[in-house]
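Below is one structure, written out as structure tokens; the observations come after it.
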Amino acid sequence: MACTIYNANDSFHLISFYNPPYESSNYVWPIDKWKKFFYSVENLATSRNVIALGDANLPKVNWDIMDSINDYEADVLNLLNDTRMDQIVNFSTTSTSTLDLLFVNFTVINIERDYKFDDSYSIIGKHVSNHYSLSIEIPWNYEGRVNIPSVHFSF
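Sequential numbering of the sequence shown, starting at 381, is according to this note's numbering.
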């Protein structure tokens with residue numbers, strides 16, 4: 381899914397994606413699909429602010445040093461390094477890994493786990509996902525005022 385959010389002075393192109401886990405190897409994105417994805421995102425990023433977010437299912441990536449012991453994941457990282465996009469999630473988004481990612485081409489004010497949304501996103505006290513909810517604050521200039529909206533998501 382993709383959409384563009386406008387106000388009088390600015391716009392953000394919001395793109396969501398999903399790369400299935402290795403266990404479903406018949407469905408995992410081939411490197412060519414990642415290449416097309418990053419190429420499309422990069423083209424959009426030349427003319428507007430872009431937020432690409434999703435469940436990448438790249439569990440062996442060490443995002444602190446942008447490296448992986450897995451060849452497939454290392455190839456994806458090499459494609460990301462060729463873009464103007466930054467991956468900004470710097471904490472686990474599940475109990476064990478950083479699987480949910482945000483790629484942006486601008487400075488984000490804040491990103492954090494959203495405990496309130498996690499609590500409201502449950503059925504009878506049980507979470508409906510094993511992924512944590514995230515909240516990001518983005519700069520949004522509207523009619524001379526800086527208004528900072530929050531975007532919440534969970535996969």
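For each residue, glycine too, the CB sits at the ideal point set by N, CA and C.
A quick note: this is a predicted structure, and the numbers were derived from the prediction, not measured.
| Query | Result |
| --- | --- |
| With DSSP run on the structure shown, which of helix, strand or coil describes Phe486? | coil |
| With distances taken from CA atoms, which of Asn423, Val430, Asn399 is nearest Ser391? | Val430 |
| Given a threshold of 16 other Cβ atoms within 10 Å of its Cβ, counted over all protein chains shown, does Phe483 qualify as buried or as exposed? | buried |
| At which residues does the beta strand (DSSP E) containing Tyr386 begin and terminate? | 382-386 |
| Identify the residues that DSSP records as bridge partners of Tyr402: which are they? | In the DSSP output, where bridge partners are listed per residue, Tyr402 has none listed. |
| Is Asp498 helix, strand or coil by DSSP? | helix |
| Quick check on the burial criterion: 16 or more other C-beta atoms within 10 angstroms. Buried or exposed for Ile449? | exposed |
| Identify the continuous beta strand (DSSP E) that holds Ser515 and give its terminal residues. | 514-517 |
| State buried or exposed for Met465, treating a residue as buried only when at least 16 other CB atoms are found within 10 Å of its CB. | buried |
| Just to confirm, are Asn437 and Asn461 a CB contact at a threshold of 7 angstroms? | no |
| Look up Trp520 in the DSSP assignment and say whether it is helix, strand or coil. | coil |
| How is Ala436 classed by DSSP in three states: helix, strand or coil? | coil |
| In chain order, what residues of the same chain lie with their CB nearer than 6 angstroms to the CB of Trp443, ignoring the 5 residues before and after it? | Thr478 |
| Per DSSP, which one or two residues make a beta bridge with Asp412? | In DSSP, Asp412 forms no bridge with anything. |
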